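Engineer: Line order of the protein sequences matches chains L and S. Start counting the first sequence at 274; every next residue gets the next number (the numbering used here). Start counting the second sequence at 274; every next residue gets the next number (the numbering used here). Ideal placement from N, C-alpha and C gives every residue a C-beta, glycine not left out. Since this is a predicted model, take the numbers as computed values, not measurements. I'd like to ask some things about the structure below.
There are 2 protein chains.
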Amino acid sequence: MSFQSFDNSLESRPIRDIAYEQLKHAIITGQIPAGSRIVETIYADQLHISRTPLREALRRLERDGLVEYVLHRGVVVRAFTIEDIDEIFTIRNAMMMLILPSIIANVTDEKIKELRDILKQMDTEYERADADALAISNRLFHGTMEHISDKIRILRVIDSQEEYIKRFQATTIASVVRRSNAHQEHHEMVDLLEKRDLEGLKTLFHHHFEESKETCLNAVRTKKLIEIHDN
Amino acid sequence: MSFQSFDNSLESRPIRDIAYEQLKHAIITGQIPAGSRIVETIYADQLHISRTPLREALRRLERDGLVEYVLHRGVVVRAFTIEDIDEIFTIRNAMMMLILPSIIANVTDEKIKELRDILKQMDTEYERADADALAISNRLFHGTMEHISDKIRILRVIDSQEEYIKRFQATTIASVVRRSNAHQEHHEMVDLLEKRDLEGLKTLFHHHFEESKETCLNAVRTKKLIEIHDN
DNA sequence: CGGACCGAAATTGTATACAGGCATATAATA
DNA sequence: TATTATATGCCTGTATACAATTTCGGTCCG
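If you want it as C-alpha cells, here you go:
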C-alpha cells in the first residue's frame, strides 16, 4: 500500500509535467526567445508527445505569465521590461517582510543547522566559482529559509515570481562583486536568524533584494538581455 | 476586415474559458463543496462539452489553487482554513500598500470621476440592500482603483488572491453593519485619493481589509462555512 | 471470519482525427 | 499600380478513440 507512491514519483509522472518543465526551462534560459510563437504541432513533434499534454502544459505557462495566448494564434513567449523586473523584486521583498516574523517564530535549531549545511556547501561552490551550482544552492537556501514560515499562500506567491527571476538569475550570479557580497549576506542572515533579530533581518533582506535588483537591471540594460522578436 | 473581431468577441470565445468560469463560480459559491472530486466525464457531460477543453480549464483552476491534482485521481476541490483567510488578507493588504504610491501618482480627474460614478451606482444598490449587486460593484470599485497603479504584476497577484476571497465575499457583504461601514469607507477612499493623501489612504485601506478579514473570520467560525468532505 | 488475490468497471492519461478560423499569396479588376 | 476578392494552407479548437492505471467487489483459501 505505502510503497506504491514511490513507484509513481519516478515513472508515472504525467507527460504534461515534463513538457511544462522543459518549456519553462527553455523560456527561462532564453532558448526560446521572447516574442517567439510556440506552434503546438512543431513543439509536440520536437518533444515526441501529442498536442494534448503539450496544450495542458501551455495553459500552466500561461497562468504563470511566461507566455501569452492570442485567440486562434496560440501562445507567444512574453517579453520583459525594466518595469517587470522592478515589480518582481518589489513583490519578492514585500512577501519576505510578511513572513519574516513567522520565520523567527518557527525556527528551530535543526533548521538553523540545515541552513548552515547549505551554506557550507555554498562555501565550496563559491571558492570553485561554480556559478551554476551556486544558482541552485542559492534557491535551496532561500527556499529553505522561506519554508520555515509555513505561510503556504505567501510561499506560492513567492514561487510564482521566482519563475521570472530565474530568467535573470544567471546574470546576477555572473557578477563577481555581487556574488561575493551576496555570499557574505547569506551567512549574516543565518547569524541574525539565530539571534531572532527581526529588525536586522528586515534590513538585511531589503538590502539583499535591492542589490540583486540593481545587478539585474544593470545586466539587462547593458547586455540588452530583453529582446522582442516580432515575427 | 475590422468587424470580424466583433464576431469573435461573442461567439468564438474558447469553450475552455467558459468552462473555467463556470467551474470557478460553482466552486466559489460552494455549489461544488470543498473536498469534492471533479470527475472529468461527469462534468464534461453536464457542461455539454468534451473532456479536452474541460481538462484545460481544470489546469487553470489548479494553478489558481482552487483545486488540487492527485495523480490518476483527478482534481479535488481544495478546503480552506482560518489560516488561509488570514494569509489572503495579509497579502491583499501588502499588495495595496505597494501600489498606493503609484495610484496617487497616476490618478487623473477622469479616473476620480469614474470611481465616483461607480460609487453613485453603489449608493442605490446599498439603499436597495441588493447584496449581490453590491458584491459585483465592490469588485469593480476596487479593481478600478487598483488598475490606476498600472503595476501589472502586482495586479496579477491581487487577482489570484481574489479568487479565494470571492468565496467568502457573500458572507462579508451579508453583514449589515460591515456593509454600512464599508460603504462609507469607499467614499472616504475617493476623497483621500482626490487629496492625494498617501498616509490617509494607507491607514484607511489597512483598516478596511482588517475589518473585512474579521467579518470573514467571524462568519466562517460561526457558520462553519469551511467544510471538508472526505469522500 | 478475515485477508489476499483476481477481474471488471471506472476514470485518468495520451494520441489522433476532424472541423473551422486566420493569414498569406495570388489573381482579378479598376 | 493599387486595391480588393478569393483560394489555399497552416494552425488552433474540439471531439473522440484508445491505453494505462486505479479502485472496488467478489471469491477463494487459510
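1. Run through chain L and tell me which residues come within less than 9 Å of Glu-360(S), C-beta to C-beta.
2. Using the C-alpha atoms, what's the distance from Thr-381(L) back to His-420(L)?
3. Would you call Ile-364(S) buried or exposed, if buried means 16 or more other Cβ atoms sit within 10 Å of its Cβ?
4. Does Arg-336(S) come within less than 8 Å of chain L when only Cβ atoms are used?
5. Flag this pair as yes or no: are the beta carbons of Leu-514(L) and Val-348(L) separated by less than 8 Å?
6. Quick one: using the 10 Å Cβ neighbour count with 16 as the cut-off for buried, is Glu-329(S) buried or exposed?
7. Would you mind giving the Cβ-Cβ distance between Ile-391(S) and Ser-410(S), rounded to the nearest angstrom? I have them listed as a contact below 8 Å.
8. Would you say Glu-313(S) lies against chain L (beta-carbon separation less than 8 Å)?
9. Say whether the region 352-371 of chain L touches the region 427-438 of chain L, bearing in mind that this needs 3 or more beta-carbon pairs closer than 8 Å, one atom from each stretch.
10. According to DSSP, is Arg-286(L) helix, strand or coil?
11. With a cut-off of 8 Å, does the C-beta of Val-380(S) fall near any C-beta of chain L?
12. How many Å lie between Ala-492(L) and Arg-451(L) at the Cα?
13. Which one of Ser-375(S), Val-463(S) and Asp-318(S) has the shortest CA to CA distance from Phe-414(S)?
14. Expressed to the nearest angstrom, what Euclidean distance is found between the alpha-carbon atoms of Asp-405(S) and Asn-366(S)?
15. Can you tell me whether DSSP reads Ile-311(S) as helix, strand or coil?
16. Any beta carbon of chain S sitting closer than 8 Å to that of Thr-255(L)?
17. Helix, strand or coil for Val-348(L) per DSSP?
18. For the region 290-305 of chain L, enumerate the residues whose C-beta is nearer than 9 Å to any C-beta of chain S, in chain order.
19. In chain order, which alpha helix (DSSP H) runs of at least 4 residues are fully inside the region 376-406 of chain S?
20. Using a 10 Å radius around the Cβ and a threshold of 16 neighbouring Cβ atoms, would you call Val-343(L) buried or exposed?
21. Determine the chain L residues that contact Asp-357(S) at a beta-carbon separation under 7 Å, and present them in chain order.
22. Closest by CA to Ile-305(L), which one among Phe-478(L), Arg-351(L) and Arg-286(L)?
23. Beta carbon of Thr-477(S), beta carbon of Glu-467(S): below 8 Å?
24. Could you tell me whether the Cβ of Ile-288(S) comes closer than 8 Å to any Cβ of chain L?
Structural biologist: From the atom records:
1. Residue numbering aside, residue 360(S) sits at position 87 when the second sequence is read from its first letter. What Glu-360(S) touches in chain L: Leu-371, Lys-424, Ile-425, Arg-426 and Ile-427.
2. Here the question's residue 420(L) lines up with position 147 in the first sequence. Here the question's residue 381(L) lines up with position 108 in the first sequence. Going by C-alpha positions, His-420(L) is about 12 Å away from Thr-381(L).
3. Translated into positions along the second sequence, residue 364(S) becomes position 91. Buried is the label assigned to Ile-364(S), since at least 16 other Cβ atoms lie within 10 Å of its Cβ.
4. Here residue 336(S) corresponds to residue number 63 of the second sequence, with the count starting at 1. So yes, Arg-336(S) belongs to the interface.
5. Outside the displayed span of chain L (274 to 504) sits residue 514(L), for which this structure offers no information.
6. Translated into the one-based positions of the second sequence, residue 329(S) becomes position 56. Buried is the call here.
7. Locating residue 391(S) in the second sequence gives position 118, counting from the first residue. Locating residue 410(S) in the second sequence gives position 137, counting from the first residue. Contact between Ile-391(S) and Ser-410(S) is confirmed by a C-beta separation of about 6 Å, below the 8 Å threshold.
8. On the second sequence, position 40 is the one that residue 313(S) refers to. Closer than 8 Å: no.
9. Flag = yes, the region 352-371 of chain L and the region 427-438 of chain L touch.
10. Translated into positions along the first sequence, residue 286(L) becomes position 13. In the structure shown, Arg-286(L) sits in coil (DSSP, three-state: anything other than H, G, I, E or B).
11. Taking the first residue of the second sequence as 1, we reach residue 380(S) at position 107. With 8 Å as the cut-off, Val-380(S) does not count as an interface residue toward chain L.
12. Within the first sequence, residue 492(L) is the residue found at index 219, counting from 1. Within the first sequence, residue 451(L) is the residue found at index 178, counting from 1. Spanning the two alpha carbons is a distance of roughly 12 Å.
13. Here residue 414(S) refers to the residue found at position 141 when the second sequence is read from its first residue. Selected option, being the one with the closest Cα: Val-463(S).
14. Here residue 405(S) refers to the residue found at position 132 when the second sequence is read from its first residue. Here residue 366(S) refers to the residue found at position 93 when the second sequence is read from its first residue. Each residue's alpha carbon lies about 24 Å from the other.
15. Numbered from its first residue, the second sequence carries residue 311(S) at position 38. In this structure, Ile-311(S) counts as strand in the three-state DSSP scheme.
16. Beyond the ends of chain L as shown, which are 274 and 504, falls residue 255(L); an answer cannot be given.
17. Taking the first sequence and counting its residues from 1, one reaches residue 348(L) at position 75. If DSSP states are grouped into helix, strand and coil, Val-348(L) belongs with the strands.
18. The residues in question: there are none.
19. With a minimum length of 4 residues, the continuous alpha helix (DSSP H) runs that stay inside the region 376-406 of chain S are 382-400.
20. Numbered from 1 along the first sequence, position 70 holds the residue referred to as residue 343(L). Counting Cβ neighbours within 10 Å, Val-343(L) comes out exposed, since fewer than 16 surround it.
21. Working through the second sequence from its first residue, we reach residue 357(S) at position 84. Identification of chain L residues near Asp-357(S) by a Cβ-Cβ cut-off of 7 Å yields Arg-426, ordered along the chain.
22. As a first step, residue 305(L) must be located in the first sequence, where it is residue number 32. Measuring from the Cα of Ile-305(L), the nearest candidate turns out to be Arg-351(L).
23. As a position in the second sequence, residue 477(S) is number 204, starting the count at 1. As a position in the second sequence, residue 467(S) is number 194, starting the count at 1. Correcting the residue type first, residue 477(S) is Leu in the shown sequence and not Thr. No. Outside cutoff.
24. Translated into the one-based positions of the second sequence, residue 288(S) becomes position 15. The beta-carbon of Ile-288(S) is placed no less than 8 Å from the nearest beta-carbon of chain L.
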